[in-house]
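**Q** Please read through the structure below; I'll follow up with questions.
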Amino acid sequence: MVAAEAAGGEGEGEATAGAEAGAAEAAGPGTVTAAGAGAAAAAATAGVAATARAAMAMAEGTAAAAEAEAADAAGAATAEAAGAAEAEAAGAAATAEDGGGARPTLDFSPPPSAAALPDPVRRGVDAYVGRFAPLVQMELEEERRQVEARLRSWPLPRLRSEGLVLTDLRGAVRGSYLGKAVVRLTAADGGELPYHRFTSGALVTLCRRSPLPPERPTEALVLDRGRGEVRLVADCPPRDLGEGLWRLDKGADITAYKRMAAALRALYKDPSAPPGGGAGAGPGAAAAAGGPAPLQDDDEEGDEEEEEESADQGGGGGYGGYGGGGYGGGGYGGGRGYGGRGRGRGRGRGQGRGQKRRRTAQEEEDDGLPPGSFLRDVLLAEGPERTAAAASEPAPQVSAAGLAWAAEHVGEVGDPREEHAGMGLNRSQVRAVALALRHRLVLLQGPPGTGKTSTITRLIRFLKHELRYPHPILACAQSNVAVDNMLEGLVDVGVRAVRTGQPVKVRESLRDATLDARILDHPARAGVEEQQAQLRDLRRRLPSLRGRDRGLGHRDVSLATRRLKESRAAMMADILSGADVICSTCVGAGGDVLEDVSFGLVILDEGSQCCEPEALIPLTKGCRHAGCRHAVLVGDHCQLPPVCQSQAAAAGGLGRSLFERLMAAGVPATMLQVQYRMHPTLSAFPSARFYGGRLMDGVGPGQRPPPPVPLPGAAEQGVGQPVMFVDVADGREEVAQGGSKSNRAEARVVVGLVRGLLRAGLGPADIGVVTPYVAQVQLISNLLMPALPPGGPPLEVSSVDGYQGREKEVMIFCTVRANPSGSIGFLEDWRRLNVAITRARRALLLVGNAATLRASSGSNSGRERGGQRDSEGVGVSSSSGSAGGRGSGDAGCPDGGIPGVVGGGDSGGHWAAYVRWLEGLGGREGGVVVRGEAGLERLGWRGVG
């Protein structure tokens, strides 16, 4: 799911048969099984809070609580719901008996302040959280299981071959990066590193022999990589780094899951509750009661500093809560109070003694904003009509001039390609901006190459520069690449933007816009560094003190720690308050940095790639109440859905995005209609097949000329077609040890095509290779090494799923599958085909087995598409010119047709239709299909295969 690397997912849905079967056994008591998801779904259907709480108790892995709640449910819910809950409770009890000690779990429990919610709202939130909590827990346990299973059961050669480990490395510290050590790792023999999947920003572990206990590995992030080195950023590199040999492993990061849990709990906030500390139990309540300790988000200083501070402030204070909602009371561990400081962010010091807390400037500003409970209204609405009605309310805090402008432009008719004077957008993009200004929640569907990022940046610039929008804006996306694209566009149009998150995950040209870089340049930095030095000195002297002096020393350390945190918080607040927009990943938005910032508007790009709980992180974060006041979700449900590692969680609903669900409910939506990426020939099939022929071309053939290589049609027409399919009929698909697939004959052809493109003058950065299977990614990567110039930039080979949202001048797509039955597995998904064939700007070269693809039935993909359209009603079709208009009537993934070749009614699958289209393209026999290596040589390619 979100924790998986975009470019390296194993098979992207082709999980091995044993992966799901062994998940519950391997994961331990914290695991939630598929029955748990069923219990939660039954609870939501029945609308009974007791059953929902049963599902949440199961998610926490507490068998006794699950049994009690199941019994409660049996008396209050329907027989079906109670039966599902009892079955899961029995499973939880058996797991507890067999599995031994408690394992840390995610905290989904309702805070005591939830008791103040009206009963219908509380039941709705219980059911909603009860549905998603087990699914998130399942996904976490599956990720844990996969990582641990790999380390315990895979032999080292297999880990090496899969690119998950590098061994025999020499290390050295080579400078610093934004205050942290840069660790350079090279091969012990000084040569090039073998194939690996350590990409920039990945979490890794550095150790001598094994990352498993008893050894204690060092965690780090990948800064960058070259052919002969990997550079890491580490807080505390090993002291003996320069001695001996080291091992680097790919790690598992659970931060995303903790923040999804916090986002779900945030739905319990009471919009009428006062800010600051209040009655209630904090995260320590479960531990104090003897249950498993819930996982919390520890991004800042360690527990030692927090305990020192809590001891100074006294007991009974309570935890300041998520976003200031005030879930106080229990504190951490054995009842010792923690004074509600919001994890060191300056929240209400000393409230445990009944002292009056001074209101912050942010809270004063919040009073001018309407309550954020509308998000809860949208999420919990019963039926699509109520969902759409809640989303269609007028957007708050948009000026009268802005609303008038939106009313004028939202219903414009005419050629979507026509440019709007002054905005730098086409007509369909202007319509999207107008819709976003008009309603509280809007969906912007952006097919490939239609300028989603340009639309987002112009919307923000228009709000800030023209309409003088007074509140901070949060711009988020699931991936760092998409966030960087937004940041780059905002900087280019003169918007003051700050990027949060790990700087190593930010594009190098944009790192000056990161929060960390701004902190280094802040005038208060020198004072903070002086405070840090004083604190280190106090701690160094503490062990030598005795008696009363030692007590005073602890007091001084506590006070110095508090002052340092306050200074850091003030410095960050100063930087963030000066920004028009803050850019972050979805998961990054849940960090402590944005805890005290309330956003009037949240814009979420890649919304169709986020599972629903992940989308909630930015939508619920940083607000005093139950979420943001105004939201724009940008995505395309005709491209890939969220990636789930647990098939059970995906089937339970985690594999469906909030974007897609709201689109089906009729929330105001519009589609960007003009693509600027592809040669018009490349866009013809996806436009007709997936977008009803409404995807238009904003570029002509002359603006996207094919590269100077032999292509079909060049001899007859002088200019070759921008697409070619190489039919490798003699290829054979092989199954690797991990269940992934490869095809050596197709890999050889891919390498030959790359050589020809390089000889024609294209650089490695102009070429991309995508394939569905990680085994084929690895095989092609290894075969390509000798073909690339030494010391030059690497040529990117990736999975299809890892390439969504990206583009190259020339793309090579290798399909791998070759069998007489026409079985192509998850390649049948029409959304994966749509992504695969829409990445290229000038040329698309496909390598595969035409007979296998032509024989594929596409029954699964056709059912998904038809069900999506017919039973879920995708597509908005109401008047956008009226005051209550619900979109512009042009969003969705409808059928279309190219006469005689492609159409919604053909009996074959999408791949079969695509092959037939290719065979009929260009007015020549066989179209653009070339028969194997011999056909390539006749066409003029040399040295292929």
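Residue numbers for the sequence shown follow the working numbering, beginning at 94 and rising by one.
Where a beta carbon is used, it is the ideal one built from N, C-alpha and C, also for glycine.
What you are looking at is a predicted structure, and each value in this text was computed from that prediction instead of being measured.
Would you identify the three-state DSSP class for Q740, choosing helix, strand or coil?
**A** Here residue 740 refers to the residue found at position 647 when the sequence shown is read from its first residue. Looking at Q740 - three-state DSSP - the assignment turns out to be helix.
**Q** In this structure, how does DSSP classify T689 when only helix, strand and coil are distinguished?
**A** In the sequence shown, residue 689 corresponds to position 596, counting from 1. Note on identity: in this sequence residue 689 is Asp, with Thr being the wrong assignment. Coil, per DSSP.
**Q** Assuming A929 and F906 make a contact with CB atoms under 8 angstroms, what is their CB distance in whole Å?
**A** Taking the sequence shown and counting its residues from 1, the one referred to as residue 929 is at position 836. Taking the sequence shown and counting its residues from 1, the one referred to as residue 906 is at position 813. Yes, A929 and F906 are in contact; Cβ-Cβ is about 5 angstroms, under 8 angstroms.
**Q** Taking three-plus beta-carbon pairs below 8 angstroms as touching, is the segment 678-689 in contact with the segment 559-577?
**A** yes
**Q** For F818, does the three-state DSSP call read helix, strand or coil?
**A** Here residue 818 refers to the residue found at position 725 when the sequence shown is read from its first residue. It is a strand residue.
**Q** CB A494 to CB L560, shorter than 8 angstroms?
**A** In the sequence shown, counting from the first residue as 1, residue 494 sits at position 401. In the sequence shown, counting from the first residue as 1, residue 560 sits at position 467. Their beta carbons are under 8 angstroms apart, which means A494 touches L560 by this criterion.
**Q** Taking A525 as part of the alpha helix (DSSP H), name the residues at either end of that continuous run.
**A** Here residue 525 corresponds to residue number 432 of the sequence shown, with the count starting at 1. It spans 520-531 - the alpha helix (DSSP H) in which A525 sits, taken as one unbroken run.
**Q** With a threshold of 7 angstroms on Cβ separation, who are the neighbours of L613 within its own chain once the five nearest residues in sequence on each side are excluded?
**A** The count along the sequence shown starts at 1 and reaches residue 613 at position 520. Within the same chain, L613 has close Cβ partners L271.
**Q** When we look at the beta-carbon of S269 and count the other beta-carbons within 10 Å, is it buried (16 or more) or exposed?
**A** Residue numbering aside, residue 269 sits at position 176 when the sequence shown is read from its first letter. So S269 ends up on the exposed side.
**Q** V1037 to L669, Cα distance in whole Å?
**A** For the purposes of this step, residue 1037 is taken as the residue at position 944 of the sequence shown. For the purposes of this step, residue 669 is taken as the residue at position 576 of the sequence shown. In this structure, the CA atom of V1037 is about 55 angstroms from the CA atom of L669.
**Q** Buried or exposed: which applies to E336, given that a residue is buried once 16 or more other Cβ atoms fall within 10 Å of its Cβ?
**A** As a first step, residue 336 must be located in the sequence shown, where it is residue number 243. Label assigned to E336: exposed.
**Q** Taking P248 as the reference, give the member of E889, G831, R554, R324 with the closest Cα.
**A** Along the sequence shown, one-based indexing puts residue 248 at 155. Of the candidates E889, G831, R554, R324, the one whose C-alpha sits nearest the C-alpha of P248 is G831.
**Q** Using 8 angstroms as the threshold, is the segment 347-363 in touch with the segment 271-282, meaning 3 or more CB pairs across them?
**A** no
**Q** For R600, I'd like the list of residues in its chain whose CB is within less than 6 angstroms of its CB, leaving aside the five on either flank, ordered along the chain.
**A** If you number the sequence shown from 1, residue 600 lands on position 507. Contacts found: D577.
**Q** On a Cα-Cα basis, can you pick out the residue from M664, R656, A653, V695 that is closest to D673?
**A** Mapped onto the sequence shown, residue 673 falls at position 580. Comparing Cα positions, the closest option is V695.
**Q** Hey, quick one: how far does the alpha helix (DSSP H) through Q871 stretch, first residue to last?
**A** Counting from one through the sequence shown, the residue named residue 871 turns up at place 778. Its alpha helix (DSSP H) spans residues 867-877.
**Q** Quick one: which unbroken beta strand (DSSP E) runs of 3-plus residues sit fully inside the segment 256-287? Chain order, please.
**A** 258-270, 273-280
**Q** With a 10 Å radius around its C-beta and 16 neighbouring C-beta atoms as the bar for buried, classify C731 as buried or exposed.
**A** The sequence position of residue 731 within the sequence shown is 638, counting from 1. The residue is buried, with at least 16 neighbouring Cβ atoms inside 10 Å.
**Q** Which two residues bound the contiguous beta strand (DSSP E) that contains L296?
**A** Counting from one through the sequence shown, the residue named residue 296 turns up at place 203. Its beta strand (DSSP E) spans residues 296-300.
**Q** With DSSP as the reference, label E902 as helix, strand or coil.
**A** Mapped onto the sequence shown, residue 902 falls at position 809. Here E902 sits in strand by DSSP.
**Q** CB A474 to CB A483, shorter than 8 angstroms?
**A** As a position in the sequence shown, residue 474 is number 381, starting the count at 1. As a position in the sequence shown, residue 483 is number 390, starting the count at 1. Going by C-beta atoms, A474 is nearer than 8 angstroms to A483.
**Q** How is the alpha helix (DSSP H) around M665 delimited, first residue to last?
**A** Taking the first residue of the sequence shown as position 1, residue 665 is located at position 572. It spans 640-670 - the alpha helix (DSSP H) in which M665 sits, taken as one unbroken run.
**Q** When we look at the beta-carbon of R932 and count the other beta-carbons within 10 Å, is it buried (16 or more) or exposed?
**A** Residue numbering aside, residue 932 sits at position 839 when the sequence shown is read from its first letter. Buried: at least 16 other Cβ atoms inside 10 Å.
**Q** For the alpha helix (DSSP H) holding Q38, just list the boundary residues, first then last.
**A** What the structure shows of the chain is the stretch from 94 to 1038, and residue 38 is not part of that stretch, so it cannot be assessed.
**Q** Once you ignore the five residues that flank G885 on each side, which residues in its own chain have a CB closer than 7 angstroms to its CB?
**A** As a first step, residue 885 must be located in the sequence shown, where it is residue number 792. These residues qualify, in order along the chain: P857.
**Q** Using only alpha-carbon positions, find the residue among Q702, W1004, G1019, L534 that is nearest to Q897.
**A** One-based indexing of the sequence shown puts residue 897 at position 804. Cα-wise, what sits closest to Q897 is Q702.
**Q** Our contact map puts V276 next to G264 with C-beta atoms below 8 angstroms; I'd like the distance itself, whole angstroms only.
**A** Sequence index remark: in the sequence shown, residue 276 carries index 183 (1-based). Sequence index remark: in the sequence shown, residue 264 carries index 171 (1-based). Right, the Cβ-Cβ distance comes to about 6 angstroms (below 8 angstroms), so this counts as a contact.
**Q** For G960, I'd like the list of residues in its chain whose CB is within less than 6 angstroms of its CB, leaving aside the five on either flank, ordered along the chain.
**A** Counting from one through the sequence shown, the residue named residue 960 turns up at place 867. Low confidence applies to G960: its pLDDT is 30, below 50, so where it sits in the model is not reliable, and the reading given next is rough at best. The answer is none, since no qualifying residue turns up.
**Q** Taking 7 angstroms as the limit between beta carbons, can you name the residues of its chain near V821, skipping five residues before and five after?
**A** Looking up residue 821 in the sequence shown gives position 728. Here the set comprises A838, E839, V842, V940, G941, N942, G1025.
**Q** When you compare each of R318, D689, R290 to V870 by their alpha carbons, which one comes out closest?
**A** As a position in the sequence shown, residue 870 is number 777, starting the count at 1. Answer by Cα proximity: R290.
**Q** Would you list the residues sitting across from A474 in a DSSP beta bridge?
**A** Start at 1 with the first residue of the sequence shown, and residue 474 comes out as number 381. Its beta-bridge partners do not exist; DSSP assigns none.
**Q** Assuming R910 and L926 are in contact, meaning their beta carbons sit under 8 angstroms apart, how far apart are those beta carbons, in whole angstroms?
**A** Locating residue 910 in the sequence shown gives position 817, counting from the first residue. Locating residue 926 in the sequence shown gives position 833, counting from the first residue. Actually they do not touch by this definition, with Cβ atoms about 13 angstroms apart.
**Q** Give a yes or no on whether the C-beta atoms belonging to G813 and P805 are separated by under 8 angstroms.
**A** As a working note, residue 813 is residue 720 in the sequence shown. As a working note, residue 805 is residue 712 in the sequence shown. Their beta carbons are under 8 angstroms apart, which means G813 touches P805 by this criterion.
**Q** Can you tell me the Cα-Cα spacing of P287 and A666, whole angstroms?
**A** For the purposes of this step, residue 287 is taken as residue 194 along the sequence shown, with counting starting at 1. For the purposes of this step, residue 666 is taken as residue 573 along the sequence shown, with counting starting at 1. Cα-Cα distance, rounded: 44 angstroms.
**Q** CB-CB under 7 angstroms to I710, same chain, minus the five flanking residues each way: which ones, in chain order?
**A** Position 617 of the sequence shown holds residue 710. R352, M353, A356, C679, V680, A682, G683, listed in sequence order.
**Q** Whole-angstrom Cβ separation of A915 and A948, contact assumed at under 8 angstroms?
**A** Position 822 of the sequence shown, counted from the start, is the residue given in the question as residue 915. Position 855 of the sequence shown, counted from the start, is the residue given in the question as residue 948. Checking the sequence shown, residue 915 turns out to be Gly, not Ala. Going by Cβ atoms, the distance from G915 to A948 rounds to 3 angstroms, so yes, they are a contact pair.
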